[in-house]
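Quick note, this note's numbering runs 1 ahead of the 1-based positions in the sequence shown. Quick reminder that beta carbons are idealized off the backbone N, C-alpha and C, glycines included.
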Amino acid sequence: MTKNLLDYLKRNKAFLVKKWAAKVKEDNHLYDTLLNSNLRNLASKVFDGICYAIENNDSEVNKYIQHLIRPHKFQGFSLTDTQKLFNEFRYILLPIILKKCNGSRLSEAIIRANRAIDSIIFHLGDCFQESYEHQKDTKSHVSGPEIEVQKRTRELEESRKNYHILLEEMSDGCFVNQEGRIVFANKTFCEMHGYKLEELIGKPCVELIAEEYREMVIERSRKQIRGEIPAERYVYYRRDKYGRCFPTENKVKRIEYNGKPAILGLCSDITERVQMEERLRQKDRLALIGKLTTSIAHEIKNPLSAIKVNIQLLLDNLKLQGNDLRRLQIANEQVCHLENIMSQILNFAKPIKLNYTITNVIELIDHAVEIIEEKLKEKDISLVKKISTNLPVIMVDKEKMIEVIVNVLTNAIEAIDKNSDYKRIEFEAKAEMFESRRCVRLSIADSGIGIDLEDKDKIFDPFFTKGKKGGVGLGLSLVKKIIDAHHGQIQVRSEKGHGTCFDLIIPTQISQ
Numbered sequence: 002m003t004k005n006l007l008d009y010l011k012r013n014k015a016f017l018v019k020k021w022a023a024k025v026k027e028d029n030h031l032y033d034t035l036l037n038s039n040l041r042n043l044a045s046k047v048f049d050g051i052c053y054a055i056e057n058n059d060s061e062v063n064k065y066i067q068h069l070i071r072p073h074k075f076q077g078f079s080l081t082d083t084q085k086l087f088n089e090f091r092y093i094l095l096p097i098i099l100k101k102c103n104g105s106r107l108s109e110a111i112i113r114a115n116r117a118i119d120s121i122i123f124h125l126g127d128c129f130q131e132s133y134e135h136q137k138d139t140k141s142h143v144s145g146p147e148i149e150v151q152k153r154t155r156e157l158e159e160s161r162k163n164y165h166i167l168l169e170e171m172s173d174g175c176f177v178n179q180e181g182r183i184v185f186a187n188k189t190f191c192e193m194h195g196y197k198l199e200e201l202i203g204k205p206c207v208e209l210i211a212e213e214y215r216e217m218v219i220e221r222s223r224k225q226i227r228g229e230i231p232a233e234r235y236v237y238y239r240r241d242k243y244g245r246c247f248p249t250e251n252k253v254k255r256i257e258y259n260g261k262p263a264i265l266g267l268c269s270d271i272t273e274r275v276q277m278e279e280r281l282r283q284k285d286r287l288a289l290i291g292k293l294t295t296s297i298a299h300e301i302k303n304p305l306s307a308i309k310v311n312i313q314l315l316l317d318n319l320k321l322q323g324n325d326l327r328r329l330q331i332a333n334e335q336v337c338h339l340e341n342i343m344s345q346i347l348n349f350a351k352p353i354k355l356n357y358t359i360t361n362v363i364e365l366i367d368h369a370v371e372i373i374e375e376k377l378k379e380k381d382i383s384l385v386k387k388i389s390t391n392l393p394v395i396m397v398d399k400e401k402m403i404e405v406i407v408n409v410l411t412n413a414i415e416a417i418d419k420n421s422d423y424k425r426i427e428f429e430a431k432a433e434m435f436e437s438r439r440c441v442r443l444s445i446a447d448s449g450i451g452i453d454l455e456d457k458d459k460i461f462d463p464f465f466t467k468g469k470k471g472g473v474g475l476g477l478s479l480v481k482k483i484i485d486a487h488h489g490q491i492q493v494r495s496e497k498g499h500g501t502c503f504d505l506i507i508p509t510q511i512s513q
């Protein structure tokens, strides 16, 4: 990176010197007394000094500074004014770096350029002070350099702030890993991991990596430090202060930091990208399942219909009694059950078509509750409704939304043990703003057994039936499909042994 930056600077020296000289004269009227040719000559020397510093050539920097501060070189200008000359070059150089570099090259180039300018400014301060001390004859000569040093310190602090702004405003997290510990981090990196800067500096990098990715990341880092692999990017899960893990893309390369090998990295949160990819995979899986199940259902449906017709003919025409009659009745019931399953599968495979109507939320809830009322009585479950008085009407497919509520309520009923001492379902409805949209939130909470943590992400998968008695596992899949078609959301909160709450967030207006 250093060689590329130096090559670019040297190729464009004339242009950069001209631009720098014009900016100095425009921003600092103190230099109006200098002729353009003298100012450009001065700019050329400043340019050479910065190049020496970028090369880390301390010997040449010292020679250059000693030559530069001879009395006639700066024509009596103060230390602060002289340092300003170099600092002005920062505002010429950094925009060029931002334009020419990206990723890890950007951070390295910014750090390298700013260190070079800061190095020159520090050298100037030291050399000016030494020069004044050699010439001092009176007390006034002693106080002069001290004042200049104070001014120089303030100016340097301001220049450093400008340099830090560039790094702090980056959308990516920038860090330096040296000997397995964080030695530099920008604001975004701190926010991504939930730490303050002082908490991160010196922290072992391994603590910021999800456990299952630690071995992979550590091995890559070792190889980079040894120079076995070039700059690269990889995906891993970072671990924040609170133990939460998030998908992250890391772009890293080996650098020299404070004279020692280190790894410079830029990390980006890719949670949205991963979620989008998972949604696409889920969509493909559902399409495949739909195609397969539709084909199977059609193959089964016709023979099943023939069996049902013949059983009904036997029931109507044979004079059967006792166990023989009961056996035939059971066969007929099971055929009807199979027909219902085939109907569910075929309905699930069909694309959702919505028939929007203006719907009163309270009437919607009452209708759904009426359908499952007998099931509530069978298990002696109390249903408590907490309905807000200011609910707006909503634009939904009323029949499909009733189907959603019935499915979620049925799920809640099945989750409650009939032998439990506490059998209760709470149904809450309220209006709210969600993601800048006016919505109605329907919350259905049960006192059931809860959901295992490892199953929480699977409950909306087609044919997932763990812990259920009967059914083919399409109820919640259909619920999600209908809610998605309305551009709403489902949120699930559950704790094993302490029940589950489904939040149905439904936009009041038709969303695109």
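Between the C-alpha atoms of residue i and residue j, what's the straight-line distance to the nearest angstrom?
| i | j | result |
| --- | --- | --- |
| Asn408 | Val397 | 17 Å |
| Lys419 | Cys191 | 50 Å |
| Thr139 | Ile112 | Caution applies to Thr139, whose pLDDT of 47 falls short of 50 and renders its modelled position unreliable; the model cannot decide the point. |
| Glu229 | Met343 | 59 Å |
| Ile506 | Val441 | 6 Å |
| Gly174 | Ile210 | 14 Å |
| Asn13 | Lys24 | 17 Å |
| Tyr423 | Val385 | 13 Å |
| Ser172 | Trp21 | 29 Å |
| Cys52 | Tyr237 | 38 Å |
| Ile118 | Ala15 | 19 Å |
| Ser421 | Asp381 | 10 Å |
| Asp456 | Thr466 | 10 Å |
| Tyr9 | Leu289 | 55 Å |
| Ser389 | Met277 | 34 Å |
| Ala232 | Thr189 | 21 Å |
| Phe503 | Cys246 | 24 Å |
| Glu340 | Lys354 | 23 Å |
| Ala186 | Tyr235 | 19 Å |
| Arg286 | Glu379 | 37 Å |
| Lys387 | Leu454 | 28 Å |
| Lys459 | Arg425 | 25 Å |
| Glu213 | Phe461 | 26 Å |
| Leu479 | Thr358 | 20 Å |
| Ala486 | Ile511 | 10 Å |
Which same chain residues, not among the five before or five after residue i, have their C-beta less than 7 Å away from its C-beta?
| i | result |
| --- | --- |
| Val336 | Leu305, Ile308, Lys309 and Ile312 |
| Ala515 | A question about residue 515 goes unanswered here, because the residues of the chain that appear run from 2 up to 513. |
| Ile395 | Thr360, Val362, Val441, Ile507 and Thr509 |
What span of residues does the alpha helix (DSSP H) with residue i cover, start to end?
| i | result |
| --- | --- |
| Met343 | Gly323 to Ala350 |
| Pro304 | Thr272 to Asn318 |
| Thr509 | Per DSSP, Thr509 belongs to no alpha helix (DSSP H) and is neither H nor E. |
| Phe247 | No alpha helix (DSSP H) contains Phe247, which is instead part of the beta strand (DSSP E) from Cys246 to Tyr258. |
Please work out which residues of its chain come closer than 6 Å, Cβ to Cβ, to residue i, disregarding the five sequence neighbours upstream and downstream, and give them in chain order.
| i | result |
| --- | --- |
| Lys376 | Ile414 |
| Gln76 | Unreliable positioning characterises Gln76 in this predicted model, as indicated by a pLDDT of 48, which lies under 50. The coordinate reading is nonetheless provided below. So the list is empty, once near-sequence residues are dropped. |
| Lys11 | none |
| Arg438 | Pro508 |
| Val184 | Val177 |
| Arg215 | Val207 |
| Asn356 | Asp398 |
| Arg494 | Cys502 |
| Ala298 | Met343, Ile346 and Leu347 |
| Gly266 | Phe176, Asn251 and Val253 |
What is the C-beta distance between residue i and residue j, in whole angstroms, given that I count them as a contact (C-beta under 8 Å)?
| i | j | result |
| --- | --- | --- |
| Val500 | Asp447 | Before going further, note that residue 500 is Gly rather than Val in the sequence given. Contact flag correct, Cβ pair sits at about 5 Å. |
| Thr249 | Ile271 | 6 Å |
| Phe428 | Ile452 | At roughly 19 Å, the Cβ-Cβ gap does not stay under 8 Å, so Phe428 and Ile452 are not in contact. |
| Gly449 | Ile491 | Going by Cβ atoms, the distance from Gly449 to Ile491 rounds to 17 Å, so no, they are not a contact pair. |
| Ile514 | Ala430 | No answer is possible for residue 514: it lies beyond the span of the chain, which begins at 2 and ends at 513. |
| Leu475 | Phe349 | 5 Å |
| Lys401 | Ile483 | 5 Å |
| Leu329 | Leu316 | 6 Å |
So residue i is in the beta strand (DSSP E); what residue range does that whole segment cover?
| i | result |
| --- | --- |
| Asp447 | Arg438 to Asp447 |
| Cys175 | Gly174 to Gln179 |
| Arg425 | Arg425 to Phe435 |
| Met396 | Ile395 to Asp398 |
| Leu384 | Ser383 to Ile388 |
| Thr189 | Per DSSP, Thr189 belongs to no beta strand (DSSP E); it is in the alpha helix (DSSP H), Lys188 to His194. |
| Val493 | Gln490 to Ser495 |
Flag residue i as yes if its beta-carbon sits less than 8 Å from any beta-carbon of chain D, otherwise no.
| i | result |
| --- | --- |
| Asp485 | Considering every chain present, this structure includes no chain D. It has just one protein chain. |
Given residue i, which residues of its chain have a CB within under 8 Å of its CB, disregarding the five upstream and five downstream residues?
| i | result |
| --- | --- |
| Asn324 | none |
| Ser222 | Asn178, Gly181, Cys206, Val253 and Ile264 |
Is residue i near the ligand ADP, with its Cβ less than 7 Å from a heavy atom?
| i | result |
| --- | --- |
| Ala413 | Although the ligand ADP was asked about, the structure shown includes no ligands whatsoever. |
Practice item. Flag this pair as touching only if the region 238–246 and the region 193–209 have three or more C-beta atom pairs under 8 Å; answer yes or no. Key: yes
Check your understanding: If you pair each beta-carbon of the region 251–262 with each one of the region 278–293, do three or more pairs fall below 8 Å?
Key -> no
Check your understanding: At a cut of 8 Å, does the region 174–187 reach the region 199–208 through at least three beta carbon pairs?
Key -> yes
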